[in-house]
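As they're listed, the protein sequences go chains P, A and B. Sequential numbering from 0 applies to the first sequence in numbering that gives the first Met the number 0. Sequential numbering from 0 applies to the second sequence in numbering that gives the first Met the number 0. Sequential numbering from 0 applies to the third sequence in numbering that gives the first Met the number 0.
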Amino acid sequence: MQKIFNEKTRELWVGIVVFVIAAAYLFGTMLIKHSDIVSVGAEFMPKIYGGFMLVLSILQIISGYRKMKKSDTKTPEEKPEEKSAEKAGFWRSARPILITFGLIIFGVAIMRLVGFVISSAIMMFGMCVLLTPGYSKKRYVLFALFSILVPLAAYFLFKNVLYVSLPIGIFF
Amino acid sequence: MLESFAIGAQIVFQPLSIILIIIGIVVGIIFGAIPGLSATMALALFLPITYSMDTAQGIVLLVALYIGGISGGLISAILTRIPGTPSSVATCFDGYPLTLKGEGAKALGVGIVFSFIGTLISTLVLIFLSPALARIAIKFGAYEYFAVALFSLTMMASLSGKSLVKGLMSGLFGCMLATVGLDQIGSIQRFTFGSATLKMGFSTLPVLVGLFAVSEIINRAESAAAEQKAEILNVDIRHIKGFGFSMQEFWSQKWNALRSCLIGTAIGILPGIGGGAANVIAYSVSKDQSKYPEKYGTGIIDGVVASETSNNAAIGGALVPLLALGIPGDTVTAMLLAGLTLHGVAAGPLMFTQNVDIVYSVFLTMLVGSVLMLILEFGGLRGFAAILNVPKQYLLPAVFLFCIIGAYGTRNNLFDVWTVVLLGAIGFLFNKFDIPAPPFILGFLIGPLAEMNLRRGLMMAQGNFLEFFTQPIANVFFVMTLISVIIAVRKQIKTLWTEQ
Amino acid sequence: MKKFLSMSMAIVMAALMLAGCGSTAGSSSAEGSSAAASGESQSWPTSQLEIVVPYAAGGDTDFYARTFGKYLQSELGVNVIITNEPGANGSVAHEDVANSTPDGSRCLFFHDSMLTNKVTGVVDFAYETLEPCAAVVDDNTYIMAVNAKSDYYTLDDVVKAAQAKPGQFLYASQVGGYSYYLGRVFEEDYGVDFNIVDVGGGTDRNAALLAGKIDCNVNPYGVMKSYIDSGDFRVVCTLSEERNDLFPDVETSKEQGYEWYGSRYYFLSFPKGTDSQIVSMMADALKTCTENPDCVKDCVDAYCVQPTFVGTSDLMTHLETALADFEKNPELVTG
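See the structure below:
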């Protein structure tokens, strides 16, 4: 992940992505209903934000392009073996990110279905595993105990003592 | 005034009241320290409990919760880079780097002491100047708020770090995110695409929690497997002397602290803005005015001082309009107002004459509470630092759990939990692409304030924008905005010049 | 160290869990329980009642909900909890309750803004997604207040000032709010052109009037009481036909020659499909509360409002008429 999109093109990519976002946002402003209550409608500031963002993204694209050109002249072209090794390295380091993220999305998505305790337990267990540093042993049993007991305790504490609402599903 | 203090003292110096203050501060610190839980939540939960209590004692408990809640945020901000409450966001910027340098205990000590100072000074302002200040505060109408908001937005420049363009993009992105939902004036739908949930808009706590906590978790996950040896983050907790920093360092911060205190108090006094914005603004002003701005973010106590002094000062500030005029200065004081109303106390201009007991109980609770907070946190200092020794694979999932609880608790809607996830992704991407997060926060908090007041002002002025420049207070801030922009532009030109 | 920490945590959690299990056996409460069966109404209320408030804690809606919740708790004998679900002018809470299981464990406490939300287009439904149960407050304490330092004493003064400088007399209200509607109705009926400005919510409007940034404020008496008592505000009139017992010195709009009346119902609703027996049992319980002298005292002390019970059918009539009024002249609601 360190070399994502290369140092060379990273700034350029930022500009491009922001440009797309700004354009989409500006498109969205057209859907805003206009009203005359105030001389300046609800679509006014969003258009300003979108407009500025577009300008900034263009500046970013320019500076990113320049940076790319500059580093192109400085560093020699990569050999094809280097490029494929880079790609492999990218996926290796991207995997934990994608898994963690996927875990969280999954957990929140099923929360309404299985309830707060179970989905939190799943997410926490996954995190315990994913966050254990390489030199440390993964203590799965301990993780499981931890991931089940802490949400349960929190559930009882918040729901029955403090009366805070928690997402409750079929189970709990 | 002395008799009034005597009346207040009769209430506050009872054993029950002192116990309530201690409980309030301890519970408040817990709520403040755990990311996802906040001072607002603490008060919302304890409000019903105060029904059966004596009015004054109920208020004493709530104020103590407030103090503890705001002060507790620094603990997780410094130790884990996750702010415990929205008021401690800026504490992360320099607090965590200090921890990485092995100076976590010092950061904690600094945060605690200057939280105390912030509370103390703003309380003195509250006690002696509130009626006068409150009358000035209400003179701030739409034009003035717009000018203040505009000025605050220019702080994006100093928070941008190396690239002004990326900083401004980040800030604008924050403004843009805040526009999703219903517009504040006409309730017109913006970017909701027919979705019922998007109509709610993004709420502050889930946004901050996602931006910091979830992105931190994903960051860690990325590097965890590759970690071959333990980071030497473990702080030597047995050898912390006093508060962890020297008298010399303390005195070096006097102007920084004083200025941050004034900023925090002023922002607190203005209804509608509170500690959440105060700490970020105080941090960027501190950075601007410093002799070594480039050091901010690398781990210097100045950043922690600015943030923690101002957010605690905002407590005293927010109480000014509440006690003097019955107008809450922020969301937490709005809860206090609810508590007062529920007990049949009419908060308003007559409070100082008709409810002297309550007013002076609040004063004394602030004073006593801040001292007790100092003592309690001092005692807990070693314990807090021990948190660093808890393995991240247990600490972070637990933090995540509370973030979910806190996020869901804002409006009892899963949308806020999804917000946490979304902002986690955004925060992670910001990190990867070197996009600064502080401007985003500023844009998200202040952007809506600016827009709402611009439109409200135009309603008043019948569409004539020039009316905005007819008010003296507003003009002061407009001028400050102009100066701020000029300085930022000059700095940027200089940077571009030196790069060539 | 790590092992000890995790072990002790596990033990503590296990203990908590065992303790918790005992107390919550059989709490098949609101969320997620099976669909309502007709037999269930016999045992209503079961374990707890949740009242959802569409605004953040601190305002008058929240206050009434909490106050009545307190008395309902003793009346019904179950735990009553208040949940705040602010957002989108109250429509978030509305939708949430409308989609809840209609078993009588969850209800909404809202007011006439439920109707204006439909007119302004925030949502495309009103009370038809709910079973309105009963109203407990008919807030007819709307007054017009001005800054005591101003020269306005009667509605005639206000009209004169507004007509002298059209579009300059500053009337504070948020668009889509009830006082906005009242202001527009007055403008239409009496041929004046106010400048209706948004300065924020109840407390912000008080601040604005105090500072002289607006010329008048129309809101319930209780919201401005402390400033009236302190002499900072002057009351021009009440928006009603009869004088109010709690502040009998204030003239009515009718006495001053204007037919300009305001009243807002605060009512409780269940999700659509809730058993009618539950609805009527709740209505009875609410009626008892409105007659409870302690409850009355709480409301009067806090907001100078006396609870009024309005039964289910009368409430429905009110809602239907009010909505029809709003929908007839939508621009009076939306501006």
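Every residue, glycine too, gets a C-beta built ideally from N, C-alpha and C. Computed from a predicted structure; not experimentally measured.
- Shown here, residue 170 of chain B sits in a strand according to DSSP, grouped into three states.
- At a cut-off of 4 residues, the continuous stretches assigned as alpha helix (DSSP H) that sit fully inside the region 272-306 of chain B are 275-290, 292-302.
- When Cβ-Cβ separations below 8 Å define contact, residue 334 of chain B makes contact with chain P.
- Between the alpha carbons of residue 269 of chain B and residue 51 of chain B lies a gap of roughly 10 Å.
- In this structure, the CA atom of residue 347 of chain A is about 47 Å from the CA atom of residue 103 of chain P.
- By the neighbour-count criterion, in which a residue is buried when 16 or more other Cβ atoms sit within 10 angstroms of its Cβ, residue 212 of chain B is buried.
- In this structure, the CA atom of residue 243 of chain B is about 13 Å from the CA atom of residue 261 of chain B.
- In the structure shown, residue 143 of chain B falls within a strand segment according to DSSP collapsed to helix, strand and coil.
- Shown here, residue 246 of chain B sits in coil according to DSSP, grouped into three states, outside any helix or strand.
- Residue-level contact check: residue 134 of chain P touches chain A, since one or more beta carbons of chain A fall below 8 Å from its beta carbon.
- Per the C-alpha coordinates, the member of B:92, B:107, B:87, B:133 positioned closest to residue 121 of chain B is B:87.
- Residue environment analysis places residue 220 of chain B among the buried positions, since at least 16 neighbouring C-beta atoms fall within 10 angstroms of its C-beta.
- In the three-state scheme derived from DSSP, where H, G and I count as helix and E and B as strand, residue 103 of chain B is classed as coil.
- For residue 47 of chain B, the enclosing beta strand (DSSP E) begins and ends at 47-52.
- Against chain P, the CB of residue 174 of chain B has a partner CB under 8 Å away; the residue lies at that interface.
- At least 8 Å separates the beta-carbon of residue 443 of chain A from that of residue 274 of chain A.
- The continuous stretches of beta strand (DSSP E) do not include residue 87 of chain B, and DSSP gives it neither H nor E.
- Contact of residue 149 of chain B with chain A is not assigned, every C-beta pair being separated by 8 Å or more.
- Between the region 157-177 of chain A and the region 280-289 of chain A, the count of C-beta pairs closer than 8 Å reaches three or more; the two stretches touch.
- Here residue 316 of chain B is exposed: its Cβ has fewer than 16 other Cβ atoms, across all protein chains shown, within 10 Å.
- Contact between residue 476 of chain A and residue 150 of chain A holds: CB atoms are separated by about 5 Å, below the 8 Å threshold.
- The C-beta of residue 104 of chain P comes closer than 8 Å to at least one C-beta of chain A.
- Not a single CB atom of chain P sits nearer than 8 Å to the CB of residue 144 of chain A.
- For residue 129 of chain B, the closest C-alpha among the options B:178, B:72, B:103, B:59 is that of B:103.
- Between residue 113 of chain P and residue 99 of chain B, the alpha-carbon positions lie close to 17 Å from each other.
- For residue 226 of chain B, the C-beta contacts it makes with chain A under 7 Å involve 347, 348, in order along the chain.
- Apart from sequence neighbours up to five positions away, the residues of its chain that approach residue 21 of chain P with a beta-carbon distance below 6 Å are 49, 52, 53, 56, ordered along the chain.
- If you draw a straight line from the Cα of residue 333 of chain B to the Cα of residue 120 of chain A, it is about 46 Å long.
- Contact of residue 270 of chain A with chain B is assigned, a C-beta pair being separated by under 8 Å.
- For the region 86-98 of chain B, the beta-carbon criterion of a distance under 8 Å to any beta-carbon of chain A is satisfied by 86, 87, 88, 90, 91, 94, 95.
- The beta carbon of residue 325 of chain A sits closer than 6 Å to those of 346, 347, all from its chain and outside the five residues before and after it, given in chain order.
- Fully contained in the region 101-145 of chain A are the following alpha helix (DSSP H) runs of length 4 or more, in chain order: 103-136.
- Residue 271 of chain B is outside the set of residues whose beta carbon lies under 8 Å from a beta carbon in chain A.
- Interface residue (Cβ-Cβ distance to chain A less than 8 Å): residue 34 of chain P is classified as such.
- Residues of chain A with a Cβ closer than 8 Å to the Cβ of residue 123 of chain P are, in chain order, 396, 397, 399, 400.
- Bounds of any beta strand (DSSP E) do not take in residue 198 of chain B, whose DSSP letter is neither H nor E.
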